[in-house]
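Each residue of the sequence shown is one higher than the last, beginning at 135 in the working numbering. We put the beta carbon where it would ideally sit given N, CA and C, even for glycine. Just so we're clear, the structure is a prediction, and the values are computed from it rather than from any experiment. A short worksheet on the structure shown next.
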Amino acid sequence: MKKIGLVLLVAVMVFLAGNSGVALADETSEARWNLAKKGAGFVAGFASGVLFHEAGHEIVARLENVNINWSGTRWTVNAANNTKLRHIALAGFGAQIISTEILLGLDQIPKDNSYVLGWLAFNVIESFYYPLRNQLRDDGYGDIKTLRKAGIDTAYVEIGLIAHGLLTAYRIYHNPKFIPYVKATKEELILGIGWSF
């Protein structure tokens with residue numbers, strides 16, 4: 135994940151610099167400073183997305199009263215049962231979905247802010263990255279691998295992640311009035327949307 139994050143960071147910086155390299159020679163130092171602030175905002179937003187994903191695991195582990203050990207962005211637990219392990223593994227994706235809904239759902243949050251776009255970029259990229267890496271590795275990858283070990287049919291999780299990534303990307307560019315809702319009990323999970331045109 136660190137290598138992918140570093141590659142993405144370099145790609146964004148090269149894109150920003152290459153996209154405006156010719157114009158930079160003629161622009162004022164204020165314009166250059168604004169470009170640097172936007173690039174830094176995007177990277178900070180992306181990093182915040184990573185931290186929020188990992189914080190989801192930490193929070194749910196504490197709620198489940200399970201000790202979680204960290205090594206960078208990798209975690210391990212000794213969960214007493216598969217239910218606790220499943221909750222902890224799903225928490226990172228849940229944190230991504232919650233942050234997406236907050237960032238896109240509140241009118242007070244500017245949608246053209248580079249920090250917000252960086253965070254949303256992480257959420258979209260991660261929604262495709264996990265299923266792709268999981269399919270390319272024989273033994274699975276990351277949280278999806280953990281879910282499989284906990285007895286979950288991960289194909290549905292992968293489909294859900296990809297669908298959420300596509301919907302989030304659409305919402306970033308078209309900003310429809312979109313109101314998702316979730317109702318969860320011990321027996322069922324209900325997801326729904328309200329969409330006004």
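Based on Cα-Cα distance, which residue from the options lies nearest to residue i?
{"i": "Ile231", "options": "Leu295, Glu164 and Thr162", "result": "Leu295"}
{"i": "Gly175", "options": "Lys283, Glu260, Gly252 and Tyr263", "result": "Gly252"}
{"i": "Tyr249", "options": "Ala170, Leu301, Thr217 and Asn268", "result": "Ala170"}
{"i": "Gly173", "options": "Ala225, Ala189, Asn247 and Val194", "result": "Asn247"}
{"i": "Ala259", "options": "Asp272, His221 and Thr302", "result": "Here residue 259 is Ile; the residue named in the question, Ala, does not match the sequence. The option with the nearest alpha carbon to Ile259 is Thr302."}
{"i": "Ala225", "options": "Tyr290, Leu270 and Glu198", "result": "Glu198"}
{"i": "Glu192", "options": "Asn168, Arg166, Asn215 and Leu219", "result": "Leu219"}
What residue does the beta strand (DSSP E) around residue i start on, and which one ends it?
{"i": "Asn203", "result": "Ile202 to Ser205"}
For residue i, count neighbouring C-beta atoms within 10 Å of its own C-beta (all shown protein chains included) and say buried if the count is 16 or more, exposed if not.
{"i": "Thr280", "result": "buried"}
{"i": "Tyr264", "result": "buried"}
{"i": "Leu300", "result": "exposed"}
{"i": "Trp204", "result": "exposed"}
{"i": "Ala165", "result": "exposed"}
How about residue i and residue j: do their beta carbons lie closer than 8 Å?
{"i": "Phe125", "j": "Phe180", "result": "Look at the range of the chain in this structure, 135 to 331, and you will see that residue 125 is not part of it."}
{"i": "Ser128", "j": "Phe186", "result": "Missing from the structure shown is residue 128; the chain here goes from 135 to 331 and no further."}
{"i": "Ala223", "j": "Ala297", "result": "no"}
{"i": "Val184", "j": "Thr207", "result": "yes"}
{"i": "Val200", "j": "Val211", "result": "yes"}
{"i": "Ile306", "j": "Leu240", "result": "no"}
{"i": "Ala337", "j": "Ala229", "result": "Not covered by the structure: residue 337. The range shown for the chain is 135 to 331."}
Under DSSP, the alpha helix (DSSP H) around residue i begins and ends at which residues?
{"i": "Arg282", "result": "Gly276 to Lys283"}
{"i": "Gln269", "result": "Ser248 to Leu270"}
{"i": "Ile293", "result": "Thr288 to His308"}
Practice problem: Taking only runs that begin and end inside the segment 165-240, name each unbroken alpha helix (DSSP H) of 4 or more residues, in chain order. | Solution: DSSP runs (the alpha helix (DSSP H)) wholly in the segment 165-240: 216-239.
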